[in-house]
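Beneath this line is the structure, given in structure tokens, with notes to follow.
In this note's numbering, the protein residues as written are 229 to 444.
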């Protein structure tokens, strides 16, 4: 196992497929105490469900970049849908924490069988939390896989009255836009892509311009 720490950034990785690593209880406790950590990259963990229902990141007050990865050698034995014990409340807790730094969250996005515990009502809550925050949280990307279908999300948005009050606007090809309440020049964009029995979700923010959009 290798590690790299630099100015609030932490990389934990294993390059040997025969020697997977995991975060033990003591390591998880230490990670929770890194309150000023802003970047965390975890590569090739042998056990995926170590997040304790989002509690692993509850102490990180500045976290804005999180990448969870498995290279091809480490993902060969994963052939069934596996749920990662992170859900929408983890992302909700990040909205508004660091107003300057853009969120950059990537959770095994290129491995379709690894999905988040992210239900459609949590997605709606995330949209409403972002658009009603005092500032428009910039989001470079939030990408993850889920078993939530586009129809389930659409029904949840209807139930939450996001469409009724114009908080969420459907656009062609399984995409949605939401304009920030206090900064009408910033839009939250959601896109959904079907991949077998799961869907891949992409979330990002862009600046509205007369000629189109500009990512922020």
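Virtual Cβ for every residue (Gly too), placed ideally from N, Cα, C.
Buried or exposed: residue i, going by 16 or more other Cβ atoms within 10 Å of its Cβ?
| i | result |
| --- | --- |
| residue 264 | exposed |
| residue 433 | buried |
| residue 387 | exposed |
| residue 230 | Residue confidence is low: residue 230 scores 48 on pLDDT, short of 50, so the model does not pin down where it sits. No coordinate-derived value is stated. |
| residue 252 | exposed |
| residue 250 | exposed |
| residue 292 | buried |
| residue 316 | buried |
| residue 397 | exposed |
| residue 345 | buried |
| residue 439 | Because residue 439 sits at a pLDDT of 46, beneath the cut-off of 50, its placement in the model cannot be relied upon, and the point is left open. |
Comparing alpha-carbon positions, which option in the options lies nearest residue i?
| i | options | result |
| --- | --- | --- |
| residue 301 | 244, 391, 403 and 268 | 244 |
| residue 380 | 395, 427 and 358 | 427 |
| residue 308 | 349, 342 and 249 | 342 |
| residue 296 | 273, 317, 290 and 311 | 273 |
| residue 384 | 353, 291 and 369 | 353 |
| residue 390 | 369, 361 and 351 | 351 |
| residue 236 | 254, 253, 259 and 250 | 259 |
| residue 312 | 324, 323, 322 and 340 | 340 |
| residue 401 | 292, 419, 368 and 392 | 419 |
| residue 414 | 363, 369, 399 and 430 | 363 |
| residue 452 | 321, 357, 331 and 345 | The structure shown does not extend to residue 452, since the chain is modelled only from 229 through 444, so no value can be given for it. |
| residue 355 | 329, 335 and 382 | 382 |
| residue 318 | 310, 242, 430 and 335 | 335 |
Beta strand (DSSP E) containing residue i: first to last residue?
| i | result |
| --- | --- |
| residue 313 | 310–315 |
| residue 197 | One cannot answer for residue 197 here, as it falls past the ends of the chain, which runs 229 to 444. |
| residue 419 | 414–423 |
| residue 239 | 237–241 |
| residue 271 | 267–271 |
| residue 290 | Run containing residue 290: none; DSSP gives neither H nor E here. |
Quick check: does the Cβ of residue i come within less than 8 angstroms of any heavy atom belonging to the ligand MN?
| i | result |
| --- | --- |
| residue 407 | The ligand MN is not part of the structure shown, which contains no ligands of any sort. |
Which two residues bound the contiguous alpha helix (DSSP H) that contains residue i?
| i | result |
| --- | --- |
| residue 386 | 378–387 |
| residue 348 | 348–360 |
| residue 253 | 253–260 |
Looking only at its own chain, which residues have a Cβ that is under 6 angstroms from the Cβ of residue i, when we skip the five neighbours before and after it?
| i | result |
| --- | --- |
| residue 375 | 343 and 426 |
| residue 347 | none |
Skipping 5 residues on each side, what residues in its chain have a beta carbon closer than 8 angstroms to that of residue i?
| i | result |
| --- | --- |
| residue 337 | 371, 372, 373 and 428 |
| residue 359 | 395, 406, 407, 408, 409 and 416 |
| residue 399 | 405 |
| residue 324 | 357, 361, 362, 363 and 365 |
| residue 412 | 436 |
Taking 7 angstroms as the limit between beta carbons, can you name the residues of its chain near residue i, skipping five residues before and five after?
| i | result |
| --- | --- |
| residue 294 | 268 and 333 |
Residue i by DSSP, collapsed to three states: which one?
| i | result |
| --- | --- |
| residue 345 | strand |
| residue 372 | strand |
| residue 318 | helix |
| residue 339 | coil |
| residue 328 | coil |
| residue 298 | coil |
| residue 367 | strand |
| residue 400 | coil |
| residue 333 | strand |
Any beta carbon of chain B sitting closer than 9 angstroms to that of residue i?
| i | result |
| --- | --- |
| residue 419 | Judged by its chain identifiers, the structure shown contains no chain B, having just a single protein chain. |
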